[in-house]
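Let me begin by presenting the structure, written as structure tokens, before commenting on it.
So, in structure tokens, the structure goes:
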């Protein structure tokens, strides 16, 4: 196939794509960990990087496009309900009914506590467990799959770091006001994408940490999460 033919096919694919899907696709590709893409593939330039639920869950009549949401910057990003369908938000949060999980480098947890200005990002426990299984004991692979970076679980010499896993029951995350990330949270970085997904496609939510939580007692006497050493 000639380059001109590829260009026309790519342009046709983009022309029929809603603006929000096109912009989300750009974000997932820009921030994702995928490597060695075939730039001549039309499939590489369509909406396949956007989770189906998010592609369909963006309000069609919303003034807010993904670029506008991100471009608003902290602390001005709008509430997700302004641009996401209510059904989408409900179904997304239902994925946490089996609980929520996140990982900490133990050194940072001890030093700073479990929250960043009172909130923390979490992921559905059931899906985290599946990802751990898929990583097959490879800490670098697990770090990439979780969007934490390949060096999150190991040091510069590839030796395992001390990691703490935090698990929250459904009751605890409801008490912590589990919600869609707004992008104004202290833990939201430049790779944040509106809609509740990491660039790697893992669903995420945000919840409040206990106001009395500290590095020495992150679970506040066992009443707010279970913190255990994590090893692959």
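Numbering (the working numbering), first residue to last: 15 to 246. Just so you know, even glycine gets a beta-carbon here, dropped at the ideal spot from N, CA and C. Since this is a predicted model, take the numbers as computed values, not measurements.
Since residue i sits in a beta bridge, which residues does DSSP pair it with?
| i | result |
| --- | --- |
| residue 319 | In the structure as shown, the chain begins at 15 and stops at 246. Residue 319 is therefore absent and cannot be evaluated. |
| residue 238 | Partner(s): none; residue 238 has no beta bridge. |
| residue 72 | 98 |
| residue 208 | Answer is none; residue 208 lacks a bridge partner. |
| residue 243 | 178 |
Between which two residues does the beta strand (DSSP E) carrying residue i extend?
| i | result |
| --- | --- |
| residue 181 | 177-182 |
| residue 64 | Unbroken run through residue 64: none, as it is neither H nor E. |
| residue 220 | 219-222 |
For residue i, is the beta carbon positioned less than 8 Å from some heavy atom of the ligand MG?
| i | result |
| --- | --- |
| residue 211 | Looking for the ligand MG in the displayed structure turns up nothing, as the structure carries no ligands at all. |
Assuming residue i is part of the alpha helix (DSSP H), what are its boundary residues?
| i | result |
| --- | --- |
| residue 85 | 80-86 |
| residue 41 | 33-45 |
Can you tell me the Cα-Cα spacing of residue i and residue j, whole angstroms?
| i | j | result |
| --- | --- | --- |
| residue 152 | residue 165 | 11 Å |
| residue 142 | residue 183 | 14 Å |
| residue 156 | residue 220 | 21 Å |
| residue 189 | residue 116 | 17 Å |
| residue 245 | residue 76 | 44 Å |
| residue 243 | residue 33 | 44 Å |
| residue 206 | residue 170 | 26 Å |
| residue 97 | residue 172 | 42 Å |
| residue 37 | residue 73 | 14 Å |
| residue 119 | residue 138 | 19 Å |
| residue 83 | residue 198 | 11 Å |
| residue 80 | residue 43 | 14 Å |
| residue 168 | residue 107 | 31 Å |
| residue 212 | residue 218 | 7 Å |
| residue 202 | residue 178 | 20 Å |
| residue 181 | residue 241 | 7 Å |
| residue 87 | residue 215 | 22 Å |
Leaving out the 5 sequence neighbours to the left and right, which residues in its chain are closer than 6 Å to residue i when beta-carbon positions are compared?
| i | result |
| --- | --- |
| residue 227 | 127, 128 and 234 |
Who are the near neighbours of residue i in its chain, counting only those whose CB is closer than 8 Å to its CB and skipping five residues on each side?
| i | result |
| --- | --- |
| residue 101 | 71 |
| residue 192 | 107, 110, 114, 136, 219, 220 and 221 |
| residue 176 | 119, 120, 121 and 243 |
Near residue i, which residues of its chain fall below 7 Å by C-beta distance, leaving aside the five closest residues on each side in sequence?
| i | result |
| --- | --- |
| residue 103 | 94, 95 and 194 |
| residue 41 | 80 and 207 |
| residue 196 | 91, 93 and 94 |
| residue 132 | 222 and 223 |
| residue 78 | 92, 96 and 97 |
Consider the Cβ of residue i: report whether some Cβ of chain B lies at a distance smaller than 9 Å.
| i | result |
| --- | --- |
| residue 136 | The chain labelled as chain B is not found in the depicted structure, where only one protein chain is given. |
Task: beta strand (DSSP E) runs wholly inside the segment 98-162, at least 3 long, in chain order - done: 114-119 and 133-138
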